[in-house]
Ligand code: NAP
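Numbering (my numbering), first residue to last: 5 to 272.
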């Protein structure tokens, strides 16, 4: 084997995940790989032991690295996680044989303007714009250059195809095949009364359109931006622009991977 093939392994804090990490490290080192204790940017692969939630946290912590990931599922669902903990030997064998495919997942970017400042957040699943402290919000929504509506309700969620099976799905949004480059804007508890009117279904957009959200100021109540479950607060937000980002998340998949088989096994 060539020298210095580095693999990073991360695990969440569950005992099972830490034990799988320890066993995998031993097995990889026996096979000639280097497994550093800290994140190494020269690694050829990142193994994430945990559920989808810990995979997302690792992705954010290391700022969406260009290194491919593979997940060992010790979580509840494991939609991104390709391996079961009893497949470690099979994984090493197939990895060395290069018997895998790389699934490329598109990410979304939120650019937040708050006064003089601009902040950017990336997400793999979704970006949410919602009221802080369980308050309802009024959000002026534009798609491209067209003003669409003043949304009233809990908030708006903008999902990538990879995120369409997550919170978006729980809100009644559509499952989108990740080979498509489509953004989905899904309302969170829209209000429909004589006082307020909002879309009640998701809206599906082509890749070249952007979404702009202008929150209506509401005395004493702020807006929260949530990227893959991680919350960000910026005082008074003037505008949030959301569109596809250039960053691509690469996931290793073995030859029998099929998105729709995975959907069936996890949801039906
Ligand atoms: P979390 O506990 O880490 O995740 C909540 C559930 O969503 C877990 O079962 C997780 O799988 C699953 N999940 C995550 N990404 C998925 C995907 N792309 N497709 C299908 N299922 C997926 O929650 P969190 O830390 O608050 O947020 C992480 C993600 O969870 C968010 O990006 C959001 O999409 C999702 N979420 C869903 C709901 C909901 O469905 N009502 C509410 C809040 C957040 P594992 O069990 O493998 O971790």
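Cβ atoms here follow ideal geometry from the backbone N, Cα and C, with glycine treated the same way. These numbers were taken from a predicted model, which means no experiment stands behind them.
Let's see if you can read the secondary structure: which residues bound the beta strand (DSSP E) around residue i?
i	result
residue 254	243-258
residue 161	150-163
residue 76	73-77
residue 68	That residue, residue 68, is in no beta strand (DSSP E); it is neither H nor E in DSSP.
One question on the structure: do residue i and residue j come within less than 8 Å of each other, judged by their Cβ atoms?
i	j	result
residue 79	residue 58	yes
residue 130	residue 167	yes
residue 254	residue 45	no
residue 164	residue 110	yes
residue 29	residue 53	no
residue 16	residue 43	no
residue 162	residue 189	yes
residue 215	residue 246	yes
residue 239	residue 47	no
residue 100	residue 35	yes
residue 249	residue 126	yes
residue 213	residue 106	no
Mind checking which residues open and close the alpha helix (DSSP H) that includes residue i?
i	result
residue 27	19-34
residue 57	56-65
residue 266	263-271
residue 174	171-174
If we count Cβ pairs, one from each stretch, closer than 8 Å, do we get three or more for the region 205-215 versus the region 175-185?
yes
Collect the residues with a C-beta less than 5 Å away from any heavy atom of the ligand NAP and give them in sequence order along the chain.
55, 56, 57, 79, 80, 81, 82, 83, 129, 169, 170, 171, 174, 232, 233
At 3 residues or longer, and completely inside the region 97-131: list those beta strand (DSSP E) runs for me, N to C.
Annotation note: the region 97-131 contains the following uninterrupted beta strand (DSSP E) runs of length 3 or greater, listed N- to C-terminal: 104-118, 121-127.
For the region 181-188 against the region 149-158, are there 3 or more C-beta pairs whose distance is under 8 Å?
no
Determine, using beta-carbon pairs with one atom in the region 139-148 and one in the region 84-104, whether at least three such pairs fall under 8 Å.
The region 139-148 is not in contact with the region 84-104.
Threshold first: 4 residues or longer. Then list the alpha helix (DSSP H) segments lying entirely within the region 166-235, N to C.
171-174
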